Structure formats: structure tokens, C-alpha cells
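Each remark here refers to the structure printed beneath this line.
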DNA sequence: CACTTGACCTGTCCGC
DNA sequence: TGCGGACAGGTCAAGT
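In my numbering, the protein residues as written are 1 to 288.
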């Protein structure tokens with residue numbers, strides 16, 4: 001599921017819901033990387049207080065008072081849903097896109113001292129959960145390789161263009177999806193931003209003009225900011241920390257809109273495969 | 001080496 | 001209805 005806007009939406013929700021809570025119990029069916037050591041769970045997770053919830057790229061970082069951090073990647077179908085008690089808690093089941101928890105895709109259940117729960121669900125089991133010292137988070141493989149945050153205030157159009165010089169002969173779509181170029185872009189926002197900038201996804205990186213990179217930079221930031229404002233995109237699985245859907249798909253211009261008219265020119269949107277992924281374009285606006 | 005293609009998993013949808 | 005195949009928001013390892 002989640003790309004940067006979805007993970008950021010989960011982060012914001014979780015931050016308000018779990019910060020300050022103390023972990024009392026953890027049950028799990030050993031999702032990838034967890035627990036790296038049962039001893040660590042007992043020593044650095046049980047009894048720990050949540051001090052902060054951060055995000056880097058598509059990864060969530062739940063900092064603990066023990067100076068350990070839960071590092072969580074939701075991959076395609078991961079969900080992190082908080083449930084308070086049945087009567088007064090946040091995210092009453094009736095408000096939710098999903099039903100009673102735990103359910104058959106629940107992999108980890110964190111129980112807090114006040115009796116509330118945080119559920120990690122992951123239908124396809126691609127996601128991972130690691131418990132590592134906070135100071136070592138920047139040293140894990142993913143963090144060492146991942147590119148800059150595209151929404152950072154200091155990240156300029158020039159910076160954006162320069163990042164792509166490392167992938168000169170690949171398609172612009174493959175480069176956008178490459179997390180070492182720029183962090184957080186996935187299939188939805190790649191298609192949406194390429195449509196916005198009127199660039200065909202299969203154009204090779206070294207054929208784009210400076211002006212086109214500038215357009216793409218602006219469109220990517222605009223589309224991601226809008227998506228955060230709308231609480232992310234729910235196509236199927238994605239939900240926020242309260243189990244509720246995001247509404248960006250109501251505003252999507254090309255993604256999953258094949259057969260419908262381009263909102264700019266009316267030409268029928270088509271779908272094909274690019275960089276191994278389903279790809280949506282307006283064939284009139286985005287010429288190869 | 002740079003780039004593209006499978007593999008990882010489960011579930012759903014679509015055509016025969 | 002049943003069944004096979006394609007496909008799904010991501011990232012690696014293994015291929016070419």
C-alpha cells in the first residue's frame with residue numbers, strides 16, 4: 001500500500017494516539033525481522049514508553065524510552081491500527097473500514113498498560129518490523145541507501161534534477177520509483193505527477209529537459225501534499241491509524257482511471273506496463 | 001556495471 | 001460455480 005503520503009498520515013494519527021503509552025505485552029507470529037531477539041523484546045520493548053513517532057521515506061519509526069525504536073515497513077498491505085477500549089476509545093469498530101481486531105491478517109498485537117492496542121496487519125506478509133537501538137536506525141541498509149525527502153523545505157528543484165543523474169539511461173518512471181533517487185514515491189504518485197508534468201513514463205531520464213524536471217518536481221510535491229491533506233489513497237487495503245480510509249483516489253487524475261477521460265483534454269486514459277508496474281497515462285498529454 | 005525481471009505472499013477479480 | 005491466470009500501493013535478489 002502505502003507511499004509517503006499514506007505513511008505520513010499513519011504517522012500523524014499514531015503520534016496522537018500512542019505517544020506516552022507504555023507497552024505491556026506483545027504477541028506476534030514472527031513477521032519478517034521480528035523479533036530479532038526475544039531477549040530484546042523483553043528488555044527494550046516491554047515496559048517501554050512511546051516517546052515519538054517519526055517517518056523516513058515509507059518507513060515508520062516508533063521511538064521508545066529505552067532508546068530502542070520500532071522500525072516498521074508496511075510494504076503493500078501493511079496496516080497499523082490503534083484501538084482504544086470498546087466504549088470510549090478512539091477508532092470504534094463501527095467507524096472503521098475494517099472490523100473487529102485482531103483479524104486473520106493480524107501479525108503483531110501491542111497491548112498498552114491502559115488496555116488499548118496497536119495492531120500490525122499485513123495480508124501479503126511483505127512488511128517488516130525491527131526493534132533496534134535508536135542510534136542505529138540510520139545505519140540499517142534501507143536508511144543508508146534511501147534518497148532525500150521530496151517534501152523537505154530545503155529540497156530544491158535543482159536538488160531533484162541532480163538526484164536523477166545517477167540513473168541516466170532508465171525510464172523516468174523507474175527512476176521515480178527508485179527509493180535511492182528520491183524517497184517515498186510509489187506507483188500512484190509516480191503516475192499522478194508524470195501526468196501533471198505531461199511526461200511519458202518511458203522517456204529516458206537523460207532526455208528530460210531542465211524545465212521538465214522542474215515541472216515534475218513541482219507536480220510531485222503538489223500531488224503528495226494534496227494526498228497528505230486528503231489522508232492518503234485507499235484503493236483497497238490502506239487505512240490510517242484509526243482504521244479509516246483516505247480520500248485521495250477521489251482526486252486522482254489518471255491512476256486507476258483507464259477508459260475514463262483525461263481531466264485536462266478529454267482523451268481516454270490508457271493503462272500499460274512500465275517499470276514492471278501498471279501505468280496510467282493520457283496518450284495525448286504525455287507523448288513518448 | 002546498469003538495468004530489468006522474478007520472487008516474496010495472500011486475496012480478489014475476470015474470462016472461460 | 002469452478003478453475004486458471006493476472007493483478008495488487010514495495011523492495012530485494014537474481015538474472016541479462
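Glycine is no exception: its CB is placed at the ideal position from the N, C-alpha and C atoms. Keep in mind the model is a prediction, meaning the values are calculated, not measured.
At the level of alpha carbons, what is the spacing between residue i and residue j?
i, j, result
"residue 232", "residue 203", "27 angstroms"
"residue 91", "residue 118", "Caution is warranted here: a pLDDT of 46 is assigned to residue 91, below 50, making its placement in the model unreliable, and no coordinate value can be reported."
"residue 141", "residue 115", "35 angstroms"
"residue 89", "residue 112", "Reliability of the predicted coordinates at residue 89 is poor, the pLDDT of 43 falling under 50, and the value obtained from them is presented with this limitation in mind. When rounded, the distance between both Cα atoms is 13 angstroms."
"residue 240", "residue 133", "26 angstroms"
"residue 187", "residue 217", "16 angstroms"
"residue 192", "residue 31", "32 angstroms"
"residue 94", "residue 194", "Residue placement at residue 94 cannot be trusted, given a pLDDT of 44 that sits under 50; what the coordinates show is reported in the next sentence. Cα-Cα distance, rounded: 38 angstroms."
"residue 168", "residue 264", "30 angstroms"
"residue 170", "residue 176", "10 angstroms"
"residue 82", "residue 72", "15 angstroms"
"residue 80", "residue 10", "7 angstroms"
"residue 283", "residue 143", "37 angstroms"
"residue 258", "residue 97", "26 angstroms"
"residue 67", "residue 50", "10 angstroms"
"residue 131", "residue 48", "12 angstroms"
"residue 234", "residue 39", "37 angstroms"
"residue 270", "residue 281", "6 angstroms"
"residue 151", "residue 229", "13 angstroms"
"residue 333", "residue 154", "As displayed, the chain neither begins before 1 nor continues past 288, which places residue 333 out of reach and without an answer."
"residue 178", "residue 243", "29 angstroms"
"residue 108", "residue 26", "7 angstroms"
"residue 236", "residue 255", "14 angstroms"
"residue 189", "residue 248", "10 angstroms"
"residue 22", "residue 197", "46 angstroms"
"residue 129", "residue 215", "36 angstroms"
Near residue i, which residues of its chain fall below 6 angstroms by C-beta distance, leaving aside the five closest residues on each side in sequence?
i, result
"residue 174", "275"
"residue 161", "213"
"residue 180", "145, 147"
"residue 54", "61"
"residue 75", "126, 127"
"residue 158", "none"
"residue 149", "183"
"residue 64", "48"
Per DSSP, which one or two residues make a beta bridge with residue i?
i, result
"residue 79", "121"
"residue 273", "278"
"residue 52", "63"
"residue 6", "Paired residues: none, contrary to the question."
"residue 68", "133"
"residue 233", "247"
"residue 199", "According to DSSP, which records beta bridges pairwise, residue 199 is partnered with nothing at all."
"residue 25", "111"
"residue 261", "268"
"residue 32", "128"
"residue 171", "204"
"residue 106", "121"
Determine the burial state of residue i: buried for a count of at least 16 other Cβ atoms within 10 Å of its Cβ, exposed for fewer.
i, result
"residue 20", "exposed"
"residue 156", "exposed"
"residue 272", "exposed"
"residue 166", "exposed"
"residue 220", "buried"
"residue 36", "exposed"
"residue 210", "exposed"
"residue 252", "buried"
"residue 260", "exposed"
"residue 2", "buried"
"residue 208", "buried"
"residue 225", "exposed"
"residue 100", "exposed"
"residue 222", "exposed"
"residue 279", "buried"
"residue 14", "buried"
"residue 42", "exposed"
"residue 46", "exposed"
"residue 246", "buried"
"residue 78", "buried"
By Cβ distance, which residues of its chain are closer than 7 angstroms to residue i, with the 5 residues on each side in sequence left out?
i, result
"residue 290", "An answer regarding residue 290 cannot be provided, because it is not within the stretch 1 to 288 covered by the chain."
"residue 287", "200"
"residue 69", "61, 62, 63, 132, 134, 137"
By Cβ distance, which residues of its chain are closer than 8 angstroms to residue i, with the 5 residues on each side in sequence left out?
i, result
"residue 267", "261, 282, 283, 284, 285"
"residue 87", "Because the pLDDT at residue 87 is just 40, under 50, the model does not fix this residue reliably, and the point stays unresolved."
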